[in-house]
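Structure first, commentary second.
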Amino acid sequence: MIKMTLKDGGVREVAEGSTILDVAKGISEGLARVALAAELDGKVVDLSTVLEKDGSLNLLTFDAAGGKLAYWHTTSHIMAQAVKKLFPEAKLAIGPSIEAGFYYDFDVARPFTPEDLAAIEKEMAAIIKADAPLVRSTLPRAEALEKMADEPYKQELIRDLPEDVALSFYTQGDFTDLCAGPHLASTGKVKSVKLLKVAGAYWRGDEKNKMLQRIYGISFPKASMVEEYVTLQEEAEKRDHRRIGKELDLFSMNDQVGQGLVLWHPKGAKIRYRIEEFWRKKHLKNGYDLVVSPHIGRGELWETSGHLGFYKDGMYAPMEVDGQDYYAKPMNCPFHIMIYKENMHSYRDLPYRWAELGTVYRYEKSGALHGLLRVRGFTQDDAHLFVAPEQMPTEIRRVLRFSLDLLKDFGFTDYHIYVSTQPKGKSVGETEQWEAATIALKEAVLAEGLECDIDEGGGAFYGPKIDIKIRDAIGREWQLTTIQFDFNEPERFDMTYIAADGSKQRPYMIHRALLGSIERFFGILIEHYAGAFPVWLAPVQVKILPLTDRNKEYADKVAAMLIDLDVDVEIDGRNEKVGYKIREAQMQKVPYMLVLGDKEMEAGLVAVRSRKDGDIGTMTADDFADKVCKEIRDRVN
RNA sequence: GCCACUUUAGCUCAUACGGUAGAGCAAUUCAUUCGUAAUGAAUAGGUGGUGGGUUCGAUUCCCACAAGUGGCUCCA
């Protein structure tokens, strides 16, 4: 038996493995989560317990997901207490824990300054030192409203809850907050706090609401963990694609060109070429056909597609030509549909898989732009599938498999799949269609032996979708692939095919972008590899470093041989020491360097240096060529 | 778009109080022809994001605009 001393002073004895329901009986009021402090075997442990919906007992350690949740949530309360002490006029909004750390939103007369943050951190240290216990209590609605008389945002939250729910509060010292928990036993459990930044945030995330001041922070049980966190942040900063894009001269954005419009420099364009070339070949090999469509189209087209109705805010303003409005395309689909409609189609011809690296322009809010990850002009690796309903399930599986295969080619093998279902509000299409499509999506995931999370109501109004998020080299998630059903456009464009019985039928339409957009994908690739691209993608694959002018001719010969094999070679013939040239090639992340001096020239060899392993000795030029060509072919990192 | 912050040489950053800017790297030139992450010297480079205001005088203070950064919203 485990003896647990509860925060309210009571003692419970529970058998190991018993559920929290046994422990929490009489104090939880059926709430989904309850926080406790307890003794295990007579020893006080840092034990906040989370009551999961299924009643399982989750003993919290910091490293458990729930542990972090409680830890950071308690820290956010401590911050709120500190802010209330320093800024008594501040009104509290909400303060949850997030993926990494926590925040709290405040309504204050003026924004917080860095000095304010320092003062708040200091105040928090005092609260932590006081080690006040967090005491849970509940109140009926009317009394809860009265208790929060000075907190309009809290009152709004209370009013939105069902009337019969008892509201829980957590009190630490002189500070009480409306809160569902869970929390640590006392403020002293929090050891090391760092407030990170201040940002504006709309109340309830709605831009029509007042903008509040949000303070982000993070906390850990050990100071060393703060250092680890900071180190990871620094690592992420070093990998920042904007920084590496500059250092490796890959791309730029320009004030005069316009916001969110990318200039691809020669080295960046080289990588893009390699990505696109590979992408096209792979699509052709996998049953796709390539199509090409223009960058602009008449207003009437966008009227028919419905984009002018539901997507106008996302489109560039029209340009007038010969009395007609033309719009830059925000999507490629209407063009592909027009190709479809150019002919009659038999069920025998389906499915069509039409792919295009289609450049689109979307008006993104200026504040949303972010390096290559969010731009206004970008190229989607788009394709549209037009399939007969009975083909749909196998077709979905096929797209999913193809997608994961393509991601693997680029070094992304760790991913997370989400299926988004019909949104609650308005949506187009028949219920049966939605159901069949959603089932096909889920079953495709299962049939491939994969798992997925369901994003209930997360689909677009025109259809359900699968999204794939990949995990990069330092553990961050990025959304790349999206596979979306469209019940809207086939209807609007009155797309048909002739079925076996001679009747006209409506095909299913699936949009899919596997890499997402080339720009965004490139940005993520840069960060994933920290600029050190695999040999097959590297803009310069081999850098030849002749030692003296005497060796230049030999360098030219080796270079010509490699270039003939489609290897990308540069010669650094500058009058510099070899150490200097190596340093530069190394910083440019060139996979291989060939040092060519008199010795190599006389023996007909090349001295190979790899960016990863340094000097790897000499070999014949042919052997080296074989090695590099094989690595390029096999897409070796 | 909203909140906050930032904007000085190609890059990274200095100039406490208002008295018209300085360093490293890069570039250019010269010398050096060298063996696995920086050879030395010299030269050049800036109407301080743009426009306006305050002031005898503005890179410095104020305002507007633009771009960027971190968030909110949105999303490939």
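Residue 175 is where the first sequence starts when you use my numbering, and the numbers rise one by one after that. Beta carbons: idealized from backbone N, C-alpha and C, even for Gly.
Note to self: Here's a check: name, in chain order, each residue in its chain whose Cβ is nearer than 7 Å to the Cβ of residue 446, leaving out the five neighbours to either side.
What the structure shows: For the purposes of this step, residue 446 is identified with residue 272 of the first sequence, where counting begins at 1. Within the same chain, residue 446 has close Cβ partners 438, 692, 696.
Item checked: Cβ neighbours of residue 341 in the same chain (closer than 8 Å, five flanking residues each side left out) -> As a working note, residue 341 is residue 167 in the first sequence. Excluding sequence neighbours, residue 341 sits near 312, 313, 314, 315, 318, 332, 335, 352.
Note to self: Less than 8 Å between the C-beta atoms of residue 509 and residue 471, yes or no?
What the structure shows: On the first sequence, position 335 is the one that residue 509 refers to. On the first sequence, position 297 is the one that residue 471 refers to. For residue 509 and residue 471, yes; Cβs fall inside 8 Å.
Check: Taking just the CA atoms, how far does residue 291 sit from residue 546?
Finding: As a first step, residue 546 must be located in the first sequence, where it is residue number 372. As a first step, residue 291 must be located in the first sequence, where it is residue number 117. Residue 546 and residue 291: Cα-Cα distance of roughly 31 Å.
Next item on the list: Starting from residue 700, follow the alpha helix (DSSP H) in both directions and report where the run begins and ends.
Entry: Translated into positions along the first sequence, residue 700 becomes position 526. Membership of residue 700 in the alpha helix (DSSP H) is indicated by the continuous run 692-703.
Margin query: According to DSSP, is residue 416 part of a helix, a strand, or is it coil?
Written below: Translated into positions along the first sequence, residue 416 becomes position 242. Residue 416 sits in a helix when the DSSP states are folded into three classes.
Notebook entry, point to check: How would you label residue 749, buried or exposed, when you count the other beta carbons within 10 angstroms and need 16 or more for buried?
Noted result: Position 575 of the first sequence, counted from the first residue, corresponds to residue 749. If you draw a 10 Å sphere on the C-beta of residue 749, you find fewer than 16 other C-beta atoms in it, and that means exposed.
Checklist line | For residue 447, the first and last residue of its enclosing alpha helix (DSSP H) | finding: Taking the first sequence and counting its residues from 1, the one referred to as residue 447 is at position 273. Note, residue 447: alpha helix (DSSP H), 440-459.
Notebook entry, point to check: Buried or exposed: where does residue 623 fall if 16 or more other Cβ atoms within 10 Å of its Cβ makes it buried?
Noted result: On the first sequence, residue 623 is found 449 positions in, with the first residue counted as 1. By the neighbour-count rule (16 or more Cβ atoms within 10 Å), residue 623 is not buried but exposed.
Margin query: Just to confirm the assignment: which complete beta strand (DSSP E) runs, minimum length 3, are found wholly within the stretch 474-539?
Written below: 493-495, 498-502, 526-535
Item checked: Burial state of residue 594, where buried means 16 or more other Cβ atoms lie within 10 Å -> The count along the first sequence starts at 1 and reaches residue 594 at position 420. So residue 594 ends up on the buried side.
Checklist line | Rounded C-alpha distance that separates residue 366 from residue 254 | finding: Sequence index remark: in the first sequence, residue 366 carries index 192 (1-based). Sequence index remark: in the first sequence, residue 254 carries index 80 (1-based). Taking the straight line from one Cα to the other gives about 16 Å.
Notebook entry, point to check: For the alpha helix (DSSP H) that residue 798 lies in, which residues bound it at each end?
Noted result: Counting from 1 along the first sequence, the entry for residue 798 is found at position 624. 795-807 is the span of the alpha helix (DSSP H), which, as asked, contains residue 798.
Check: I think residue 792 touches residue 780, with their Cβ atoms under 8 Å apart; what is that distance to the nearest whole Å?
Finding: Mapped onto the first sequence, residue 792 falls at position 618. Mapped onto the first sequence, residue 780 falls at position 606. With a Cβ gap of about 7 Å, residue 792 and residue 780 count as contacting.
Margin query: Quick check: the Cα distance between residue 810 and residue 242, rounded to an integer number of angstroms?
Written below: Mapped onto the first sequence, residue 810 falls at position 636. Mapped onto the first sequence, residue 242 falls at position 68. Approximately 38 Å between the Cα atoms of the pair.
Item checked: From 663, 326, 308, 283, residue whose alpha carbon lies closest to that of residue 387 -> In the first sequence, counting from the first residue as 1, residue 387 sits at position 213. For the residues 663, 326, 308, 283, the minimum Cα distance to residue 387 belongs to 283.
Check: For residue 569, does the count of other Cβ atoms within 10 angstroms reach 16, so buried, or fall short, so exposed?
Finding: Taking the first sequence and counting its residues from 1, one reaches residue 569 at position 395. Residue 569 is buried by the Cβ-count criterion.
Next item on the list: Spell out a yes or no on whether the stretch 293-306 and the stretch 357-371 are touching, meaning 3 or more CB-CB pairs, one atom from each, closer than 8 Å.
Entry: yes
Checklist line | Selection from 558, 799, 578, 756 that minimises the alpha carbon distance to residue 505 | finding: Stepping through the first sequence from its first residue, residue 505 is reached at position 331. The shortest Cα separation from residue 505 among 558, 799, 578, 756 belongs to 558.
Notebook entry, point to check: Going by the CB atoms, is the gap between residue 605 and residue 638 shorter than 8 Å?
Noted result: Start at 1 with the first residue of the first sequence, and residue 638 comes out as number 464. Start at 1 with the first residue of the first sequence, and residue 605 comes out as number 431. The answer is no: Cβ separation not under 8 Å.
Check: Who are the near neighbours of residue 432 in its chain, counting only those whose CB is closer than 8 Å to its CB and skipping five residues on each side?
Finding: Indexing the first sequence from 1 puts residue 432 at position 258. So the qualifying residues of the chain are 550.
Checklist line | Chain-order list of residues whose beta-carbon lies under 8 Å from that of residue 458 (same chain, five-residue window excluded) | finding: By one-based count along the first sequence, residue 458 stands at place 284. The residues are 464.
Item checked: Cβ shell of residue 205 (< 6 Å), same chain only, five flanking positions each side left out -> Taking the first residue of the first sequence as position 1, residue 205 is located at position 31. Because the pLDDT of residue 205 is 30, which lies under 50, any placement of that residue in the model is unreliable, and the number read from its coordinates should be weighed accordingly. So no residue of the chain qualifies.
Note to self: If you reduce the DSSP assignment to three classes, tell me which class residue 554 lands in.
What the structure shows: For the purposes of this step, residue 554 is taken as residue 380 along the first sequence, with counting starting at 1. Note: residue 554 maps to strand in three-state DSSP.
Next item on the list: Could you tell me which uninterrupted beta strand (DSSP E) segments, each at least 3 residues in length, are contained entirely in the stretch 704-756, listed from first to last along the chain?
Entry: Qualifying beta strand (DSSP E) stretches, in chain order: 716-720, 743-745.
Notebook entry, point to check: Name the DSSP bridge partner or partners of residue 626?
Noted result: Here the question's residue 626 lines up with position 452 in the first sequence. DSSP, once it has assigned bridges, lists 591 as partnering residue 626.
Checklist line | The alpha helix (DSSP H) enclosing residue 619, as first and last residue numbers | finding: Taking the first sequence and counting its residues from 1, one reaches residue 619 at position 445. 605-621 is the extent of the alpha helix (DSSP H) around residue 619.
Next item on the list: Pick out whichever of 275, 512, 603, 248 has its Cα sitting closest to the Cα of residue 370.
Entry: On the first sequence, residue 370 is found 196 positions in, with the first residue counted as 1. For residue 370, the closest of 275, 512, 603, 248 by C-alpha to C-alpha distance is 275.
Check: Excluding sequence positions up to five away, which residues of its chain have a Cβ less than 7 Å from the Cβ of residue 294?
Finding: As a first step, residue 294 must be located in the first sequence, where it is residue number 120. In the same chain as residue 294, and ignoring 5 residues on each side of it, the C-beta atoms closer than 7 Å to its own belong to 253, 256, 257, 260, 369, in chain order.
Check: Would residue 248 be called buried (16 or more neighbouring beta carbons within 10 Å of its own) or exposed?
Finding: Here residue 248 corresponds to residue number 74 of the first sequence, with the count starting at 1. Buried: at least 16 other Cβ atoms inside 10 Å.
Next item on the list: Compare the C-alpha of residue 608 against each of 364, 746, 399, 633 and name the closest.
Entry: For the purposes of this step, residue 608 is taken as residue 434 along the first sequence, with counting starting at 1. Among 364, 746, 399, 633, the Cα nearest to that of residue 608 belongs to 633.
Margin query: Rounding to the nearest angstrom, what Cα-Cα distance links residue 799 and residue 762 in this structure?
Written below: For the purposes of this step, residue 799 is taken as residue 625 along the first sequence, with counting starting at 1. For the purposes of this step, residue 762 is taken as residue 588 along the first sequence, with counting starting at 1. Answer to the nearest angstrom: the Cα atoms are 21 Å apart.
Notebook entry, point to check: Contact check, residue 525 vs residue 565 under 8 Å by CB: the rounded distance?
Noted result: The residue given as residue 525 occupies position 351 in the first sequence. The residue given as residue 565 occupies position 391 in the first sequence. Correct: roughly 5 Å between the Cβ atoms.
Next item on the list: Drop a sphere of 10 angstroms on the beta-carbon of residue 754, count the other beta-carbons inside from all chains shown, and report buried for 16 or more, exposed for fewer.
Entry: Mapped onto the first sequence, residue 754 falls at position 580. Under this definition residue 754 is an exposed residue.
Notebook entry, point to check: Which word fits residue 493, buried or exposed, when buried means at least 16 other C-beta atoms lie within 10 angstroms of its C-beta?
Noted result: Here residue 493 refers to the residue found at position 319 of the first sequence. Burial call: exposed.
Margin query: Measuring only the C-alpha atoms, how far is residue 222 from residue 591?
Written below: Position 48 of the first sequence, counted from the first residue, corresponds to residue 222. Position 417 of the first sequence, counted from the first residue, corresponds to residue 591. With a pLDDT of only 40 at residue 222, under 50, the local geometry of the prediction cannot be trusted, and the value read off the model is given with reservation. About 31 Å.
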